[in-house]
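In UniProt numbering, the protein residues as written are 1 to 356.
Where a beta carbon is used, it is the ideal one built from N, C-alpha and C, also for glycine.
Just so you know, these numbers come straight off a predicted model, no measurement behind them.
Taking it in order: structure first as structure tokens, then the write-up.
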Amino acid sequence: MDYTDTETFTTILDRTETREKGNCFEDFTEGQTIAHAPGLTLSNYANELWASQTLNHDPMYWRTDAAREAGFEEPPVHPDYLLAAVMGPTVEDLSEKGGYFLGRTNVRYHDQTVTPGTEVRVSSTVESTATSSSRPEYGIVTWETEGVDAETGDPLVSYERTNMIPRREPVATDGGESATAADGGDTDATDGDADDAPPEEFVTPDGDRFGDFAAALDEAEDRDAAVAYRHERGRTMDDVLVATLPLMTLNTAKQHHNVDVMADSPSGDIVAYGDVTRSVALGHARSDEATYRELGCDDERFHTFVTPGDTVYGFTRVLDAEATHDHAGTVTFEHIAFNQHDAPVYSGTRRALIQQ
Ligand SMILES: C/C(=C\C(=O)O)C(=O)SCCNC(=O)CCNC(=O)[C@H](O)C(C)(C)COP(=O)(O)OP(=O)(O)OC[C@H]1O[C@@H](n2cnc3c(N)ncnc32)[C@H](O)[C@@H]1OP(=O)(O)O
1 MDYTDTETFT TILDRTETRE KGNCFEDFTE GQTIAHAPGL TLSNYANELW
51 ASQTLNHDPM YWRTDAAREA GFEEPPVHPD YLLAAVMGPT VEDLSEKGGY
101 FLGRTNVRYH DQTVTPGTEV RVSSTVESTA TSSSRPEYGI VTWETEGVDA
151 ETGDPLVSYE RTNMIPRREP VATDGGESAT AADGGDTDAT DGDADDAPPE
201 EFVTPDGDRF GDFAAALDEA EDRDAAVAYR HERGRTMDDV LVATLPLMTL
251 NTAKQHHNVD VMADSPSGDI VAYGDVTRSV ALGHARSDEA TYRELGCDDE
301 RFHTFVTPGD TVYGFTRVLD AEATHDHAGT VTFEHIAFNQ HDAPVYSGTR
351 RALIQQ
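In structure tokens:
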């Protein structure tokens, strides 16, 4: 028999089993810990590709003199690449089966002096599993993940991530009726103050230093005003951003590189990895601030798909500024990434040390 004859081969394909990858919702139990096999070595190539393509062009990641001025011995790996490199190796075990990255919180950078050549090992613990009331074919799983330096065991980055994960067997649900009734059917991107009217005034900081953010908050205080502004740059999602960057971190989620499968999904196309979308928005934001160190991110949500050809812009609201160090202060931001139709695609809060 000729296996390479298309007609014959098609009937053979129909009769053979597919050796599947990934885990379904039923495979996760609360408290279970998974040591991810892949792990990787942080590379200069992937670091530069990530930071350049997401417009994270802060000189301290590119120039030795700027790195030394910021207290590093040499340019460290970019925190967004480090975070993605700690998420990529988890995908095969946690999310390769499909479903969407819904959000993440408690992102903490434990060591920002990490340089290319560092080997990373990653493990995750299942924090919770829940039924999706709106989607019977999915469950919702939250994991706590930590990436460590393989040589020293020192923690590098940790976070809690939530995904929709396909079930083997759909369950009976109320079709989301209870959630809709409970939350009033609110689909606004920024939870919490969706029913409030926007403030009368928006204040833009005069510059990119801690003092500029603190002064803008002072100006807005006791008035119907918010410190909030848009960033000029936008980045159109191309193949490098959508498929290459996640694959460079060993992220095997089909959503980012298998057009054939994704053609039948609700997006109809491959979708940008959430960490890439977020990194582009944060890159825009960092271009308008004198960042000293990243501290962490919380309440990150991915609101809708970003597909190739979409353009990602950034919007920032300044929530708080606290003088915590001689040379820098802690600023809390809310960042919103939005597309060419002005629809929010990502939101999250971020704390960073900003130079005085
Ligand atoms: C695969 C991958 C990485 C990886 O390999 O990992 C990626 O990078 S992929 C790219 C990034 N990603 C996206 O492109 C998704 C964009 N997004 C959407 O396209 C829509 O959001 C939706 C179609 C997914 C849902 O749409 P939607 O149904 O209108 O949304 P919601 O009703 O808000 O959420 C539905 C249910 O998820 C619950 N829920 C939401 N968020 C959280 C959270 N943070 N924590 C806990 N539960 C949460 C919610 O509580 C509801 O639960 P119920 O089903 O019980 O009501």
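- [ ] Taking only heavy atoms of ligand 1 into account, decide whether any of them is closer than 7 Å to the Cβ of R235.
- [x] Locating residue 235 in the sequence shown gives position 235, counting from the first residue. No; taking the cut-off as 7 Å, the Cβ of R235 has no heavy atom of ligand 1 nearer than that.
### Query
Hey, how far is the Cα of H325 from the Cα of L353?
Numbered from 1 along the sequence shown, position 325 holds the residue referred to as residue 325. Numbered from 1 along the sequence shown, position 353 holds the residue referred to as residue 353. Each residue's Cα considered, the two are about 9 Å apart.
| message | Restricting to runs no shorter than 3 residues, where is the beta strand (DSSP E) found entirely within the segment 57 to 87? | response | Listed in chain order, there is nothing to give.
Below 8 Å between beta carbons: does that hold for D80 and H36?
Counted from its first residue, the sequence shown places residue 80 at position 80. Counted from its first residue, the sequence shown places residue 36 at position 36. Contact: no.
request  = Could you tell me whether the Cβ atoms of T173 and T131 are closer together than 8 Å?
outcome  = Here residue 173 refers to the residue found at position 173 when the sequence shown is read from its first residue. Here residue 131 refers to the residue found at position 131 when the sequence shown is read from its first residue. In contact: T173 and T131 (Cβ atoms closer than 8 Å).
Span separating the alpha-carbon of N203 from that of A226
By 1-based counting over the sequence shown, the position of residue 203 is 203. By 1-based counting over the sequence shown, the position of residue 226 is 226. The identity of residue 203 in the sequence shown is Val, whereas the question assumes Asn. Using only the alpha carbons, I get a separation of about 6 Å.
Quiz prompt | Endpoints, the alpha helix (DSSP H) within which T8 is located | solution = Numbered from its first residue, the sequence shown carries residue 8 at position 8. Its alpha helix (DSSP H) spans residues T6 to R15.
Note to self: I'd like to confirm something about L102: is its beta-carbon nearer than 7 Å to some heavy atom of ligand 1, or not?
What the structure shows: Stepping through the sequence shown from its first residue, residue 102 is reached at position 102. At least one heavy atom of ligand 1 sits closer than 7 Å to the Cβ of L102.
Cutting at 7 Å between CB atoms, please list the residues of its own chain near T180, excluding the five before and the five after it.
Numbered from 1 along the sequence shown, position 180 holds the residue referred to as residue 180. Summary for T180: the model assigns pLDDT 45, below 50, so the residue's position carries little reliability; its value from the coordinates is reported in the next sentence. Closer than 7 Å at Cβ, skipping near neighbours: no residue.
*Ordered along the chain, which non-local residues of its own chain (more than five positions away) have a Cβ less than 7 Å from that of E200?*
Numbered from 1 along the sequence shown, position 200 holds the residue referred to as residue 200. Excluding sequence neighbours, E200 sits near D224 and A225.
Query raised in the report: Taking Cβ positions, are V86 and V120 nearer each other than 8 Å?
Result: Working through the sequence shown from its first residue, we reach residue 86 at position 86. Working through the sequence shown from its first residue, we reach residue 120 at position 120. Pairing V86 with V120 gives a Cβ-Cβ distance under 8 Å.
Helix, strand or coil for R209? Go by DSSP, reduced to three states. The residue labelled residue 209 in the question sits at position 209 within the sequence shown. In the structure shown, R209 sits in coil (DSSP, three-state: anything other than H, G, I, E or B).
Q) For F315 versus V271, is the C-beta distance shorter than 8 Å? A) The residue given as residue 315 occupies position 315 in the sequence shown. The residue given as residue 271 occupies position 271 in the sequence shown. One thing to note: F315 has its Cβ no nearer than 8 Å to the Cβ of V271.
_Whole-number beta carbon distance between F28 and V126, since they are thought to touch under 8 Å_ = Reading the sequence shown from its first residue, position 126 is the one you call residue 126. Reading the sequence shown from its first residue, position 28 is the one you call residue 28. So it is a contact: roughly 5 Å between Cβ atoms.
Checklist entry - To the nearest angstrom, how far is it from the Cα of S347 to the Cα of G31? => result On the sequence shown, position 347 is the one that residue 347 refers to. On the sequence shown, position 31 is the one that residue 31 refers to. Computed Cα separation, rounded: 28 Å.
Point to revise | Backbone secondary structure at T41 - three-state DSSP | key: Start at 1 with the first residue of the sequence shown, and residue 41 comes out as number 41. Collapsing the DSSP output to three states places T41 in a strand.
Using a threshold of 7 Å, is the CB atom of H36 nearer than that to any non-hydrogen atom of ligand 1?
Locating residue 36 in the sequence shown gives position 36, counting from the first residue. Within the chosen limit of 7 Å, ligand 1 does not reach the beta carbon of H36 with any heavy atom.
- Item | Cβ-Cβ separation, I34 to S124 (assumed contact under 8 Å), whole Å | Along the sequence shown, one-based indexing puts residue 124 at 124. Along the sequence shown, one-based indexing puts residue 34 at 34. At roughly 5 Å, the Cβ-Cβ gap stays under 8 Å, so S124 and I34 are in contact.
Quick check on R19: buried or exposed, where buried means 16 or more other Cβ atoms within 10 Å of its Cβ? As a first step, residue 19 must be located in the sequence shown, where it is residue number 19. Only exposed fits R19, as fewer than 16 other CB atoms lie within 10 angstroms of its CB.
Looking only at C-alpha atoms, which of I336, Y292 and G309 sits nearest to G71? By 1-based counting over the sequence shown, the position of residue 71 is 71. Distances from the alpha-carbon of G71 to those of I336, Y292 and G309 put Y292 closest.
**Same chain only: Cβ atoms within 6 Å of D14, ignoring 5 sequence neighbours per side** = Taking the sequence shown and counting its residues from 1, the one referred to as residue 14 is at position 14. Answer for D14: no residue qualifies.
Query raised in the report: For the beta strand (DSSP E) that E200 lies in, which residues bound it at each end?
Result: Locating residue 200 in the sequence shown gives position 200, where the first residue counts as 1. Here E200 belongs to no beta strand (DSSP E), and DSSP marks it neither H nor E.
query = Quick one: what does DSSP say N106 is sitting in, helix, strand or coil?
reply = Sequence index remark: in the sequence shown, residue 106 carries index 106 (1-based). In the structure shown, N106 sits in a strand (DSSP, three-state: E or B).
Check your understanding: alpha helix (DSSP H) containing D93: first to last residue?
Key -> Counted from its first residue, the sequence shown places residue 93 at position 93. Following the DSSP letters along the chain, one finds D93 inside the alpha helix (DSSP H) bounded by residues V91 to L94.
| message | Here's a check: name, in chain order, each residue in its chain whose Cβ is nearer than 8 Å to the Cβ of E17, leaving out the five neighbours to either side. | response | Here residue 17 refers to the residue found at position 17 when the sequence shown is read from its first residue. Answer for E17: no residue qualifies.
Legend entry - Cβ-heavy atom distance, Y159 to ligand 1, below 7 Å: As a first step, residue 159 must be located in the sequence shown, where it is residue number 159. Y159: no, Cβ never under 7 Å from ligand 1.
Are the segment 296 to 311 and the segment 267 to 282 in contact at 8 Å, needing three or more beta carbon pairs? With a cut-off of 8 Å, the segment 267 to 282 and the segment 296 to 311 count as touching, because enough Cβ pairs lie within range.
Can you tell me the Cα-Cα spacing of Q340 and T311, whole angstroms? Start at 1 with the first residue of the sequence shown, and residue 340 comes out as number 340. Start at 1 with the first residue of the sequence shown, and residue 311 comes out as number 311. One Cα belongs to Q340, the other to T311, and the distance between them is close to 6 Å.
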